[in-house]
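Working notes for the structure below.
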Amino acid sequence: MNTIVVGQLQRQFQDYIVSLYQQGYLDNQFTELRKLQDEGSPDFVAEVVSLFFDDCAKVINDMSTSLERPDHVDFKQVDSGVHQLKGSSSSVGARRVKNVCIAFKECCDVQNREGCLRCLQQVDYEYKMLKTKLQDLFNLEQQILQAGGTIPQVSMN
Amino acid sequence: MQYQISSTFSSNPQSLFSLVDMAEVLRPEMLDISNDTSSLASSQELLHVLAVDDSMVDRKFIERLLRVSSCKVTVVDSATRALQYLGLDGENGSVGFEDLKINLIMTDYSMPGMTGYELLKKIKESSIFREIPVVIMSSENILPRIDRCLEEGAEDFLLKPVKLADVKRLRDSLMKAEERAFKNLMHKRELEANDIYSQLKRAKI
Numbered sequence: 001m002n003t004i005v006v007g008q009l010q011r012q013f014q015d016y017i018v019s020l021y022q023q024g025y026l027d028n029q030f031t032e033l034r035k036l037q038d039e040g041s042p043d044f045v046a047e048v049v050s051l052f053f054d055d056c057a058k059v060i061n062d063m064s065t066s067l068e069r070p071d072h073v074d075f076k077q078v079d080s081g082v083h084q085l086k087g088s089s090s091s092v093g094a095r096r097v098k099n100v101c102i103a104f105k106e107c108c109d110v111q112n113r114e115g116c117l118r119c120l121q122q123v124d125y126e127y128k129m130l131k132t133k134l135q136d137l138f139n140l141e142q143q144i145l146q147a148g149g150t151i152p153q154v155s156m157n
Numbered sequence: 001m002q003y004q005i006s007s008t009f010s011s012n013p014q015s016l017f018s019l020v021d022m023a024e025v026l027r028p029e030m031l032d033i034s035n036d037t038s039s040l041a042s043s044q045e046l047l048h049v050l051a052v053d054d055s056m057v058d059r060k061f062i063e064r065l066l067r068v069s070s071c072k073v074t075v076v077d078s079a080t081r082a083l084q085y086l087g088l089d090g091e092n093g094s095v096g097f098e099d100l101k102i103n104l105i106m107t108d109y110s111m112p113g114m115t116g117y118e119l120l121k122k123i124k125e126s127s128i129f130r131e132i133p134v135v136i137m138s139s140e141n142i143l144p145r146i147d148r149c150l151e152e153g154a155e156d157f158l159l160k161p162v163k164l165a166d167v168k169r170l171r172d173s174l175m176k177a178e179e180r181a182f183k184n185l186m187h188k189r190e191l192e193a194n195d196i197y198s199q200l201k202r203a204k205i
């Protein structure tokens, strides 16, 4: 094991994950998720977030259909979708996605179609952005493991 | 506890209790002590939790939380499926479900179809399952909702996302309750055995 390489990768990992927290992509719930991962379940976090992103894609698609026709918007369906996304984003620590959902709900409550469409676009952007960021993070993890190192536990105080 | 059955008993044909009957009652198996594998006081036994949530993400999360907390987990995606699992859906009656050992039910509140609140009510109406603690989970901190659930007999109301600390706290309090129940049962058995012993003595055995 090349300890210098491992050390560099670990620092890179640490810096990257800290930046994700600082930029508001992730919150404390993501830390909780990481705590639940161990040698017995090494892919737990990756699996949960994967389910989350699948959820996002599906729900966003359904809401898009509901919002399509200006004269015929199913706000109940949209509200249900927002509720679902807010819940799941909250469960994985996807802070930005969650925040968009909060604004989205408000638009839904007052039946503001334009507002909803903007939020829909935003939530789509945010989840895809997070997906890319986390993919980079998981890649770093893999590199560390392949170099024979261990993944640092990062505490955000 | 030692029980001496005097050898003079066998020579007394007028004895009130047959020696065989007494020996039967005082055997450890009859007193339900050492071989009671359903008791959690035999510490290695796992709590079996039934978790109900329509969200796939939350199901995966709660399952992991519970496994990490050394619980056996069964997860279902709706209140209807939970009722099916418990045999409360009216299909099979409750035949065969008396042996189903569930120590805790954790259910999401807002679910399509039947809500967690409605599930709670159905469980509390069941003679077999009403004693099982039911915990409601919700992402919304709505006081009237919380009150309603507690009034209907919910053990606890947890805000999502559920914390590992919440699960540990639940598990610890359940283990303590089971331990108390076990101790009470042992005490009761002891009193019964003492009672029989006194009767034996009075019959001059």
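Heads up: the protein sequence lines correspond to chains A and B, in order. Be aware that the first sequence starts at 1, since it is given in full-length UniProt numbering, and climbs by one per residue. Be aware that the second sequence starts at 1, since it is given in full-length UniProt numbering, and climbs by one per residue. Each residue gets a CB set at the ideal place from its N, CA and C atoms; glycine is no exception. Bear in mind that the values here come from a model prediction, so they are computed numbers and not experimental data.
- Within chain A, the C-beta atoms nearer than 7 Å to that of Phe61 (chain B) come from Val48 and Ser91, in chain order.
- If you draw a straight line from the Cα of Glu63 (chain B) to the Cα of Asp108 (chain B), it comes to about 13 Å.
- Within a 10 Å sphere around the beta-carbon of Gln146 (chain A) sit fewer than 16 other beta-carbons, which makes this residue exposed.
- Under the DSSP assignment, Lys72 (chain B) falls in the beta strand (DSSP E) whose first and last residues are Cys71 to Val76.
- Taking 8 Å as the threshold, the shortest C-beta distance from Gln29 (chain A) to chain B falls below it.
- The beta carbon of Val18 (chain A) lies closer than 8 Å to those of Val154 and Met156 in the same chain, with the five residues before and after it left out.
- Per DSSP, the continuous alpha helix (DSSP H) segment holding Ala177 (chain B) begins and ends at Leu164 to Arg202.
- If you compare the alpha carbons of A:Gly24, A:Arg96 and A:Arg113 with that of His72 (chain A), the shortest gap goes to A:Arg113.
- Just measuring C-alpha positions, the residue of A:Gln111, A:Gln142 and A:Leu130 sitting nearest Asp43 (chain A) is A:Gln142.
- The beta carbons of Ile146 (chain B) and Val134 (chain B) sit no closer together than 8 Å.
- Counting along the chain, Thr107 (chain B) sits inside the beta strand (DSSP E) bounded by residues Leu104 to Asp108.
- Judged by DSSP in its simplified three-state form, Ala94 (chain A) adopts strand.
- Look at Phe129 (chain B) here: in three-state DSSP terms it is coil, with no helix or strand label.
- Of all residues in the region 66-88 of chain A, those with a C-beta nearer than 9 Å to a C-beta of chain B are Ser80, His83, Gln84, Lys86, Gly87 and Ser88, reading in chain order.
- Residue state for Ile136 (chain B) is assigned as strand, using DSSP reduced to three classes.
- Contact between Tyr117 (chain B) and Arg148 (chain B) holds, since their C-beta atoms are separated by about 7 Å, short of 8 Å.
- Going by DSSP, Asp58 (chain B) is part of the alpha helix (DSSP H) stretching over Met56 to Val68.
- For Val45 (chain A), the uninterrupted alpha helix (DSSP H) run begins and ends at Phe44 to Leu67, by DSSP.
- In the DSSP annotation of this structure, the continuous segment of the alpha helix (DSSP H) that includes Ala79 (chain B) starts and ends at Ala79 to Leu86.
- Listed in chain order, the positions of the region 129-158 of chain B with a beta carbon within less than 7 Å of a beta carbon of chain A are Ser139.
- For Lys160 (chain B) and Gly93 (chain A), the gap between their C-alpha atoms comes out near 12 Å.
- In the three-state reduction of the DSSP assignment, Val154 (chain A) falls in the coil class.
- Chain B places a beta carbon closer than 8 Å to that of Leu36 (chain A), counting this residue as a contact.
- Taking a cut-off of 8 Å on C-beta distances, the region 49-65 of chain B touches the region 46-62 of chain A, as three or more cross pairs fall below it.
- In this structure, A:Ser80 is the residue among A:Cys108, A:Tyr16, A:Ser80 and A:Gly115 with its C-alpha nearest to the C-alpha of Cys56 (chain A).
- Against Phe138 (chain A), chain B offers no close residue; the least beta-carbon distance is about 17 Å (beta-carbon pairs closer than 9 Å).
- When beta bridges are read from the DSSP output, His83 (chain A) appears opposite no residue.
- With a 10 Å radius around the Cβ and a threshold of 16 neighbouring Cβ atoms, Val78 (chain A) comes out buried.
- Annotated three-state conformation of Val110 (chain A) is coil, per DSSP.
- Leu65 (chain B) has a beta carbon lying within less than 8 Å of a beta carbon in chain A.
- Beta-bridge partners of Leu47 (chain B) (DSSP): B:Cys71.
- Neighbours of Asp58 (chain B) in chain A, taken as residues whose beta carbon is under 9 Å from its own, are Gly87, Ser88 and Ser91 in chain order.
- Counted as a single uninterrupted DSSP element, the alpha helix (DSSP H) harbouring Asp15 (chain A) occupies residues Thr3 to Gln22.
- The alpha carbon of Gly87 (chain A) has as its nearest neighbour, out of B:Met114, B:Met106 and B:Met56, the alpha carbon of B:Met56.
- Between Ser78 (chain B) and Leu46 (chain B) the beta-carbon gap is near 25 Å, outside 8 Å, which marks them as no contact.
- Phe104 (chain A) has a beta carbon lying at 8 Å or more from every beta carbon in chain B.
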